[in-house]
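S.K.: To start, I am sharing the structure in question, which I have written as structure tokens.
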Amino acid sequence: MSAGGAPGSAAREIDAARGRVREAGGEALLARLEHLDAVRAAPAPRPGPSPRPPDRGATADYDVVVAGGGLSLLLAPLLASAGLRVAVLDRARIGAAHREWNAGTAEVAALSASGLFTRDEIERLVIARYVEGLCRWHGGGTYPVRGVLDHAIDAAGLLAAARARAEALGVTLLDGHALLGHAEGPDAVALAVAEAQPGAAPRALSARLLVDARGAASPYATADLLCPTVGGVLTGLSEGDGERRIRPDVGEILATTEDVEEGRQHLWEAFPGRPGETTVYLFYYARSGDVGPGALLSLYARFFRLLSRYKEGDARLVRPTFGFIPGWSRLSAAPRAPGRRVRLVGDAAARHSPLTFCGFGANVRELAATAADLARAVREPGARATARDAPVHSGTGALAALMAKPVGGARAGEMNALLDTAFAVLHAMGNDAYAALLRDEMQPADFVRFLRETAARRPEVYREVVSALPLRAIGRWGAGLARELYRAR
Ligand SMILES: Cc1cc2nc3c(=O)[nH]c(=O)nc-3n(C[C@H](O)[C@H](O)[C@H](O)COP(=O)(O)OP(=O)(O)OC[C@H]3O[C@@H](n4cnc5c(N)ncnc54)[C@H](O)[C@@H]3O)c2cc1C
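Here you go:
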């Protein structure tokens, strides 16, 4: 792949980044990165070719087909243990983690409460625990918090265990099969599926329910925000005290090392894992329409160029992980399934926090409820999902939308100044409130108090909101918050 016309040194940096990802992750992983980047070349992924819809009374090959075997693979054994005939397909290998996950106590507990794993099995998948987490802003302060994102999970081990459980329960696993399109009939959905090899002929499958778990690649993943994220597991970072060193018992949740550059407020995070290893990510929030082709490789080039600004040491990337995480601001229409026999789950549905983008945590917390909803939808297509959006999302989405369009030039420091004020307020509100916001549990009244106190300390926020968000979005934000305040009375 060429560097897309990037001038001299930028093109060389992108080529070097490509080489480092290939060296650490292999050719197949680099191909995956380039595929993700290429998908962004289309303004929005379009639904693929449609097969003929099944006739009335048609019997389906499976009760449920889960298209996308990433995190949502966890649903398959739960659906199979409910007595359903289940298939999972993925354009790559099912259950091959290309992520590293950190999560809180509630998520770790939800994994065993779902019945999928015992507590001991989950315990073995926790590879590190932290005494606290930090958020730190360039030119501002450091704000510790306890009880949030304080476990590092062995993502590869978790998905490998889910895959083994699915196989043992008779789930059909179709590795290397991409879903191209579907057509819904009255009693079943026909799926056009192709082996992910050039020239492979599409094959037909049918299901009573299609679960679209293709993440950001789903044509129905229409959420308005996107968080390009790159990085991975590093060795060689210096350990010790001080901002530019890693403490194995502390997770860095959000950190900035400069003001807005290239129209983006870049953020870092760092989570120690196994001894000597730390997962480090670089990411930014963007409006989904503003993220073009090549976004991940360009971000990797920045990652390698500026990592030493964030952390000291002789860093070596040993496992690259990356992706696009969709986010829904709640200021625009929600992603919606295209029919009664299709359900969106995970990133495609984007019901997780638009502020933290913690899709692993949010989906795992809802795992058992989602599986129960899907099992019901097989019998009663069109039944309403029971899960309700966390009330705080109606407030935090606007903050994420604000961060997705930061102002540069002479005002490039405003985003850090605003974040610093907001986190100073949260910290002053106490650990319970601070942790509740990051865990999606803050009550609407506390959120309004947080906004009021932030505005009192930084009155410029009114101008910043008005210049970044259209009036209609501000109206929706206010209405959403008012609705949640009313419900919480
Ligand atoms: C780098 C990174 C780090 C993250 N870290 C955290 C974290 O620490 N904590 C946290 O809470 N969340 C984290 N997240 C978010 C979390 O990983 C996602 O929210 C979660 O994986 C979403 O699960 P999913 O099943 O919807 O999609 P995914 O896990 O992304 O899986 C989607 C699958 O669909 C497949 N696919 C795509 N197109 C097709 C097709 N046409 N046909 C068949 N299959 C297809 C893909 O190959 C992929 O396997 C992170 C995300 C990224 C990108």
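Quick note: the sequence shown uses our numbering, first residue 37, plus one each step. Where is the CB? At the ideal position from N, CA and C, for every residue including glycine.
1) Could you tell me the alpha carbon to alpha carbon distance between Gly-325 and Pro-362, rounded to whole angstroms?
2) For His-218, which beta-bridge partners are listed by DSSP?
3) Would you list the one or two residues that DSSP bridges to Gly-267?
4) Say yes only if the C-beta of Asp-295 is nearer than 7 Å to one or more non-hydrogen atoms of ligand 1, and no if none qualify.
5) Beta carbon of Ala-249, beta carbon of Ser-117: below 8 Å?
6) Does the Cβ of Ile-361 lie closer than 7 Å to at least one heavy atom of ligand 1?
7) Please report the Cβ distance between Ala-146 and Leu-403, rounded to the nearest whole angstrom; I am assuming they are in contact, meaning their Cβ atoms lie under 8 Å.
8) With a threshold of 6 Å on Cβ separation, who are the neighbours of Tyr-166 within its own chain once the five nearest residues in sequence on each side are excluded?
9) Which value, in whole angstroms, describes the spacing of the CA atoms of Arg-494 and Met-465?
10) Nearest CA to the CA of His-463: which residue from Cys-171, Tyr-321, Ala-128 and Ala-112?
11) Can Phe-340 be considered in contact with ligand 1, in the sense that its beta carbon sits closer than 7 Å to one or more heavy atoms?
12) So, is Val-523 buried or exposed, given that buried needs 16 or more other C-beta atoms within 10 angstroms?
13) So the candidates are Asp-476, Val-461 and Arg-512; which of them puts its Cα closest to the Cα of Ala-492?
14) In three-state DSSP terms, what is Ala-42?
15) For His-388, count neighbouring Cβ atoms within 10 angstroms of its own Cβ and tell me buried if that reaches 16, exposed if not.
16) With DSSP as the reference, label Trp-137 as helix, strand or coil.
17) With a threshold of 7 Å, establish whether the CB of Leu-170 neighbours any heavy atom of ligand 1.
18) Whole alpha helix (DSSP H) runs in the stretch 437-504 with 4 or more residues, listed along the chain?
19) With DSSP as the reference, please indicate the residues paired to Val-162 in a beta bridge.
20) Run through DSSP, which three-state label would Met-37 get?
21) With distances taken between CB atoms, is the gap from Leu-332 to Pro-442 smaller than 8 Å?
22) Can you say whether His-134 is buried or exposed, counting buried as having 16 or more other CB atoms within 10 angstroms of its CB?
23) Can you find at least 3 beta carbon pairs, one from the stretch 211-228 and one from the stretch 93-105, that sit closer than 8 Å?
24) Could you check whether the Cβ of Ala-103 sits closer than 7 Å to any heavy atom belonging to ligand 1?
25) Using the C-alpha atoms, what's the distance from Asp-383 back to Val-526?
26) Whole angstroms are fine: how far does the CA of Leu-474 sit from the CA of Phe-459?
27) What do you reckon, are the CB atoms on Ala-232 and Gly-212 nearer than 8 Å?
28) Pairs of beta-carbons, one from the stretch 362-376 and one from the stretch 86-102, closer than 8 Å: are there three or more?
29) Straight-line CA distance for Ala-202 to Arg-519?
30) For Pro-308, list the residues DSSP reports as bridge partners.
M.R.: The short version:
1) Numbered from 1 along the sequence shown, position 289 holds the residue referred to as residue 325. Numbered from 1 along the sequence shown, position 326 holds the residue referred to as residue 362. Just so you know, the alpha carbons of Gly-325 and Pro-362 end up roughly 11 Å apart.
2) Within the sequence shown, residue 218 is the residue found at index 182, counting from 1. His-218 has Leu-227 as its beta-bridge partners, per DSSP.
3) Taking the first residue of the sequence shown as position 1, residue 267 is located at position 231. Tyr-317 and Thr-357, per the DSSP bridge assignment.
4) In the sequence shown, counting from the first residue as 1, residue 295 sits at position 259. Taking 7 Å as the cut-off, one finds no heavy atom of ligand 1 near enough to the beta carbon of Asp-295.
5) Taking the sequence shown and counting its residues from 1, one reaches residue 249 at position 213. Taking the sequence shown and counting its residues from 1, one reaches residue 117 at position 81. No. Outside cutoff.
6) In the sequence shown, residue 361 corresponds to position 325, counting from 1. The answer is yes for Ile-361.
7) Here the question's residue 146 lines up with position 110 in the sequence shown. Here the question's residue 403 lines up with position 367 in the sequence shown. Contact holds; Cβ gap of about 6 Å.
8) For the purposes of this step, residue 166 is taken as residue 130 along the sequence shown, with counting starting at 1. The beta carbon of Tyr-166 lies closer than 6 Å to those of Asp-186, Asp-285, Val-286 and Gly-287 in the same chain, with the five residues before and after it left out.
9) Against the sequence shown, residue 494 aligns to sequence position 458. Against the sequence shown, residue 465 aligns to sequence position 429. Rounded to the nearest whole angstrom, the C-alpha separation of Arg-494 and Met-465 is 16 Å.
10) Against the sequence shown, residue 463 aligns to sequence position 427. Residue Cys-171 is the option with its Cα nearest to His-463.
11) Stepping through the sequence shown from its first residue, residue 340 is reached at position 304. Not under cutoff, so the answer is no.
12) The residue given as residue 523 occupies position 487 in the sequence shown. Sequence check: residue 523 is Arg here, not Val. Answer is exposed; the Cβ neighbour count stays below 16.
13) Taking the sequence shown and counting its residues from 1, one reaches residue 492 at position 456. For the residues Asp-476, Val-461 and Arg-512, the minimum Cα distance to Ala-492 belongs to Val-461.
14) The count along the sequence shown starts at 1 and reaches residue 42 at position 6. Unreliable placement is indicated for Ala-42, whose pLDDT of 49 sits below 50; no coordinate value is reported for it.
15) Residue numbering aside, residue 388 sits at position 352 when the sequence shown is read from its first letter. So His-388 counts as buried.
16) Against the sequence shown, residue 137 aligns to sequence position 101. Correct three-state label for Trp-137: strand.
17) Here residue 170 refers to the residue found at position 134 when the sequence shown is read from its first residue. No, the beta carbon of Leu-170 sits no closer than 7 Å to any heavy atom of ligand 1.
18) Here the runs fully enclosed are 450-465, 467-474, 480-493 and 497-504.
19) As a working mapping, residue 162 is identified with position 126 in the sequence shown. Val-162 is bridged to Ile-189.
20) Along the sequence shown, read from residue 1 onward, the residue named residue 37 stands at position 1. In this prediction, Met-37 scores a pLDDT of 35, lower than 50, which makes its location untrustworthy; the coordinate-derived value is nonetheless stated afterwards. Three-state DSSP puts Met-37 in coil, outside helix and strand.
21) Counting from 1 along the sequence shown, the entry for residue 332 is found at position 296. Counting from 1 along the sequence shown, the entry for residue 442 is found at position 406. Cβ distance not < 8 Å, so Leu-332 and Pro-442 don't count as in contact.
22) Mapped onto the sequence shown, residue 134 falls at position 98. Buried.
23) Because the criterion of three Cβ pairs below 8 Å is met, the stretch 211-228 and the stretch 93-105 touch.
24) Indexing the sequence shown from 1 puts residue 103 at position 67. It does: the Cβ of Ala-103 is within 7 Å (strictly closer) of some heavy atom of ligand 1.
25) Nothing can be reported for residue 526, as the shown portion of the chain is limited to 37 through 525.
26) For this step, residue 459 is matched to residue 423 along the sequence shown. For this step, residue 474 is matched to residue 438 along the sequence shown. If you take the alpha carbons of Phe-459 and Leu-474, they lie about 11 Å apart.
27) Residue 232 sits at position 196 when you count from the first residue of the sequence shown. Residue 212 sits at position 176 when you count from the first residue of the sequence shown. Cβ atoms of Ala-232 and Gly-212: closer than 8 Å.
28) The stretch 362-376 makes no contact with the stretch 86-102: fewer than 3 CB pairs, one atom from each, lie closer than 8 Å.
29) In the sequence shown, residue 202 corresponds to position 166, counting from 1. In the sequence shown, residue 519 corresponds to position 483, counting from 1. Straight-line Cα distance between these residues: approximately 41 Å.
30) Reading the sequence shown from its first residue, position 272 is the one you call residue 308. In the DSSP output, where bridge partners are listed per residue, Pro-308 has Thr-314.
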